[in-house]
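The sequence shown begins at 706 in the numbering used here and counts up by one. Below is one structure; the comments refer to it alone.
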Amino acid sequence: MSDIPTTHPRYLSLLWRERIVAGVEGGITSLHGLIAHGRGEAYDYLIGECTCSFAQQALEAAAAMLVQAKFPVLSVNGNAAALVPNELVQLAQILDAPLEVNIFHASEVREKAIADQLYSHGASNILMPTDQAQLDFIDSNRRFVHPDGIKRADVVFVPLEDGDRCQALRGMGKEVVTVDLNPLSRTARQASITIVDNLVRAMPCLIKEVESLRGQCSKLSPIIEAYDNCQILVAAEQAMRNSG
Ligand code: PTJ
706 MSDIPTTHPR YLSLLWRERI VAGVEGGITS LHGLIAHGRG EAYDYLIGEC
756 TCSFAQQALE AAAAMLVQAK FPVLSVNGNA AALVPNELVQ LAQILDAPLE
806 VNIFHASEVR EKAIADQLYS HGASNILMPT DQAQLDFIDS NRRFVHPDGI
856 KRADVVFVPL EDGDRCQALR GMGKEVVTVD LNPLSRTARQ ASITIVDNLV
906 RAMPCLIKEV ESLRGQCSKL SPIIEAYDNC QILVAAEQAM RNSG
């Protein structure tokens, strides 16, 4: 890590950049991941780099959906593995859900590096892509999944999607929870629940929500039914348009 003083006004943002750069250097994140991260930074700036009320509402609904799921799976790509490995492992443990490596830019070496990163942060159950199970409605590398993971999941957590797979998963009747700073993206619009927040801020909040909703079964369905993803996206877009 480079020498960023903690007093720097953009300390956190610079620290997260460092994590992505370290991800590229460690073979976890693709070069394209740097571009995706920069795009995310721009949107984050527009929402004031904080977890807004539209994200809070989505976080509660996402937690309810993940807790209620019969077979939730957490999908991990190169950006998520570099930014929030601890939190992904923690969320998987709390939900008793598998982590599944699934990347857009095909590379077996990077898939292994992502799994190693998660193992080194305490993961015990990591599923890898296979050619024994494929998703329908999709041609990219993301179609290769694990038969005991994304293929049979009822709810899939897919942070920082590139857009093609969300539609495919929805077409297969699965619920999708995403974290995406761009409320206009195809993923944001097609997901069941879109948390418009930085993944780094959203993950600890999601873990907290899941912990507080576990054991409160009667609350889950009402929270999910009351949630309207379109309204949330309109609120997020409005906040960005009004910023500054
Ligand atoms: O590891 P791979 O091969 O699966 O590739 C992963 C990336 C992220 C490179 C790939 O999925 C991709 O190209 O994604 P896109 O199409 O750039 O979309 C990523 C979305 O995530 C964009 O809408 C960004 O605004 C958003 N985003 C970027 N960084 C963050 C973010 N959203 C939340 N938190 C972030 N830190």
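Built from N, CA and C at the ideal position, the CB exists for glycine as well.
- Per DSSP, I900 is not a residue of any alpha helix (DSSP H); the beta strand (DSSP E) it occupies stretches across 898-900.
- Distances from the alpha-carbon of R715 to those of Y750, G732, I740 put Y750 closest.
- Look at F849 here: in three-state DSSP terms it is strand.
- Of all C-beta pairs linking the region 784-801 to the region 817-834, three or more are shorter than 8 angstroms, placing the two stretches in contact.
- Exclusion of the five residues before and after A873 leaves L840, D841, F842, I843 as the residues of its chain whose Cβ lies within less than 7 angstroms of its Cβ.
- Boundaries for T711: no beta strand (DSSP E) harbours it, and the DSSP string shows neither H nor E there.
- DSSP places I843 in the coil class of the three-state scheme, outside both helix and strand.
- Around the beta carbon of E813, a 10 Å sphere encloses fewer than 16 other beta carbons of the protein chains shown; the residue is thus reported as exposed.
- When distances are taken from the beta-carbon of R715 to the heavy atoms of ligand 1, even the shortest one reaches 7 angstroms or more.
- Of I733, S758, E730, V726, the smallest CA-CA separation from G743 is found for V726.
- In the assembly as shown, S707 is an exposed residue. Its beta-carbon has fewer than 16 other beta-carbons within 10 Å.
- DSSP, reduced to helix, strand and coil, places P864 outside both helices and strands of the structure shown, so it counts as coil.
- For E880, the number of other beta carbons within 10 angstroms of its own is at least 16, and it is reported as buried.
- Under DSSP, S780 forms a beta bridge with E805.
- In the displayed model, V789 falls within coil according to three-state DSSP, outside both helix and strand.
- The three-state reading of DSSP puts E754 in coil, since its state is none of H, G, I, E or B.
- For A785 against P834, the beta-carbon gap comes to about 15 angstroms, at or over 8 angstroms, which does not count as contact.
- Exclusion of the five residues before and after A820 leaves V806, I831 as the residues of its chain whose Cβ lies within less than 6 angstroms of its Cβ.
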